[in-house]
Amino acid sequence: MEVILGKTAGFCFGVENAVKNTEEELSKNKNVYALGELTHNRQVMDKLEKKGLIVKEDIEEIPNNSTVIFRAHGVPPKIYDIAKQKNLNIVDLTCKSVLKIHNVVNDLTSKGNYIFIIGKKEHPEIIGIYGFGGENASIIGKEEDIDQAIVNFQKTGLNKIIIIAQTTFNSEKFKKIVDDIKSSIDSKYEIEVINTICNATVIRQRETDEISKNVDMMIIIGGKNSSNTEKLYNIAKSNCENTIWIETKDEIKEIKNVSKVGIMAGASTPKESIMDVVNYIKEK
Ligand code: SF4
2 MEVILGKTAG FCFGVENAVK NTEEELSKNK NVYALGELTH NRQVMDKLEK KGLIVKEDIE
62 EIPNNSTVIF RAHGVPPKIY DIAKQKNLNI VDLTCKSVLK IHNVVNDLTS KGNYIFIIGK
122 KEHPEIIGIY GFGGENASII GKEEDIDQAI VNFQKTGLNK IIIIAQTTFN SEKFKKIVDD
182 IKSSIDSKYE IEVINTICNA TVIRQRETDE ISKNVDMMII IGGKNSSNTE KLYNIAKSNC
242 ENTIWIETKD EIKEIKNVSK VGIMAGASTP KESIMDVVNY IKEK
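Be aware that the sequence shown starts at 2, since it is given in my numbering, and climbs by one per residue.
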């Protein structure tokens with residue numbers, strides 16, 4: 002059986018940086034808190050928690066004067082304020098690509114623009130970005146949200162909309178939503194599109210698309226709560242009906258009548274989990 006492993010499978014630079022720096026922090030300080038799971042991967046989290054990392058979903062639950070890690074997804078401004086009030090030692094591991102979006106949103110809203118953020122409403126990255134937009138931002142998760150976003154924008158009396166995307170958003174879907182917005186709004190308003198989809202995501206999605214067109218089975222490895230892994234799964238599934246989404250090799254049930262298997266993994270999947278699957282398939 003031929004196995005094709007995607008070159009871009011596994012940690013992106015943002016997650017790599019977050020995990021590496023958290024490990025470094027844990028080696029010198031045993032009292033380290035993370036605000037939310039550092040990566041959407043149970044195996045990685047188990048390892049970090051064994052080294053002493055304590056995950057809290059609410060900043061109020063983190064004791065004053067301790068160390069808090071902000072993960073690659075970033076946080077809204079009010080979380081920085083609370084952390085300062087609690088005198089927390091902030092280790093800010095927000096990915097540089099996300100920080101760039103925070104700065105863009107901050108800068109452009111202060112210059113009188115309105116922001117449409119295209120992405121998953123409840124995703125921590127989107128909550129963070131939205132926080133920087135203040136009153137002048139709306140989130141569009143799907144086409145049905147466009148009309149409400151336009152109403153919100155019109156209420157402000159502003160004239161220009163900047164459209165940005167969640168870093169892991171699907172490129173094709175982004176283009177489609179942008180076109181829908183343009184055709185739904187009066188042409189008197191100015192629209193500028195800033196494609197903030199992270200390059201690591203674009204390349205990974207492209208590679209998944211290419212591999213899944215040429216195999217009889219596709220295995221996507223990554224946490225079930227990982228948004229970027231879900232997108233890889235959807236892309237692969239649209240090309241290859243025999244696509245499965247697993248977190249570890251133990252979830253592989255049967256491989257029958259397959260001569261070529263493609264393997265891809267989300268941005269928060271560690272190398273060990275990927276190699277476990279590759280070796281398991283090769284043994285089969
Ligand atoms: S997917 Fe891109 S933006 Fe998100 S953490 Fe990874 S490198 Fe950063």
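Built from N, CA and C at the ideal position, the CB exists for glycine as well.
Exercise. In this structure, what does DSSP give as the bridge partners for Asn90?
Worked result: Translated into the one-based positions of the sequence shown, residue 90 becomes position 89. Thr68, per the DSSP bridge assignment.
Problem set entry | Thr202 CB to nearest heavy atom of ligand 1 below 7 Å | Mapped onto the sequence shown, residue 202 falls at position 201. For ligand 1, at least one heavy atom lies less than 7 Å from the Cβ of Thr202.
Exercise. Whose C-alpha, out of Ala73, Val92, Ala237, is nearest the C-alpha of Gly129?
Worked result: Here residue 129 is taken as the residue at index 128 of the sequence shown, counted from 1. Closest in C-alpha terms to Gly129, from the list Ala73, Val92, Ala237, comes Ala73.
Exercise. Would the beta-carbon of Ser227 be found less than 7 Å away from any heavy atom of ligand 1?
Worked result: On the sequence shown, position 226 is the one that residue 227 refers to. The answer is no for Ser227.
Problem set entry | Straight-line Cα distance separating Asn137 from Lys156 | Within the sequence shown, numbered from 1, the residue matching residue 156 stands at position 155. Within the sequence shown, numbered from 1, the residue matching residue 137 stands at position 136. Cα to Cα, the separation comes out at about 10 Å.
Exercise. Cβ of Phe14 within 7 Å of any heavy atom in ligand 1?
Worked result: One-based indexing of the sequence shown puts residue 14 at position 13. Result yes, Cβ under 7 Å from ligand 1.
Problem set entry | Among Gly267, Asp187, Asn258, Lys174, nearest to Ala201 - alpha-carbon criterion | Locating residue 201 in the sequence shown gives position 200, counting from the first residue. Of all alpha-carbon atoms in Gly267, Asp187, Asn258, Lys174, the one lying nearest the alpha-carbon of Ala201 is that of Gly267.
Problem set entry | Spatially closest choice to Ile91 from Lys97, Tyr81, Gly11, by CA coordinates | Within the sequence shown, residue 91 is the residue found at index 90, counting from 1. It is Tyr81 whose Cα lies nearest to the Cα of Ile91.
Problem set entry | Own chain residues within Cβ distance below 6 Å of Thr244, not counting five before or after | Numbered from its first residue, the sequence shown carries residue 244 at position 243. These residues qualify, in order along the chain: Met219, Ala237, Lys238.
For this session: Taking only the alpha-carbon atoms, compute the straight-line gap between Glu126 and Tyr281 and give it to the nearest angstrom.
Result: Here residue 126 corresponds to residue number 125 of the sequence shown, with the count starting at 1. Here residue 281 corresponds to residue number 280 of the sequence shown, with the count starting at 1. Answer to the nearest angstrom: the Cα atoms are 34 Å apart.
Exercise. Cβ-heavy atom distance between Ser98 and ligand 1 below 7 Å?
Worked result: Position 97 of the sequence shown holds residue 98. Yes; taking the cut-off as 7 Å, the Cβ of Ser98 has a heavy atom of ligand 1 nearer than that.
Problem set entry | 7 Å Cβ shell around Val4 - same chain, five flanking residues per side excluded | Indexing the sequence shown from 1 puts residue 4 at position 3. Excluding residues up to 5 positions away in sequence, Val262, Ile264, Val279, Ile282, Lys283 lie with their Cβ nearer than 7 Å to the Cβ of Val4 in the same chain.
Exercise. Since Ile116 contacts Gly132 with CB under 8 Å, what's their CB separation in whole angstroms?
Worked result: Counting from one through the sequence shown, the residue named residue 116 turns up at place 115. Counting from one through the sequence shown, the residue named residue 132 turns up at place 131. Their Cβ separation, rounded to whole angstroms, is 12 Å, which puts Ile116 and Gly132 out of contact at 8 Å.
Exercise. If you count every other CB in all the chains shown that lies within 10 Å of the CB of Gln167, and 16 or more means buried, which is it?
Worked result: In the sequence shown, the residue the question calls residue 167 occupies position 166. Result: buried.
Exercise. Do Ile60 and Leu94 have their C-beta atoms closer together than 8 Å?
Worked result: Residue numbering aside, residue 60 sits at position 59 when the sequence shown is read from its first letter. Residue numbering aside, residue 94 sits at position 93 when the sequence shown is read from its first letter. Not a contact, by the Cβ cut-off of 8 Å.
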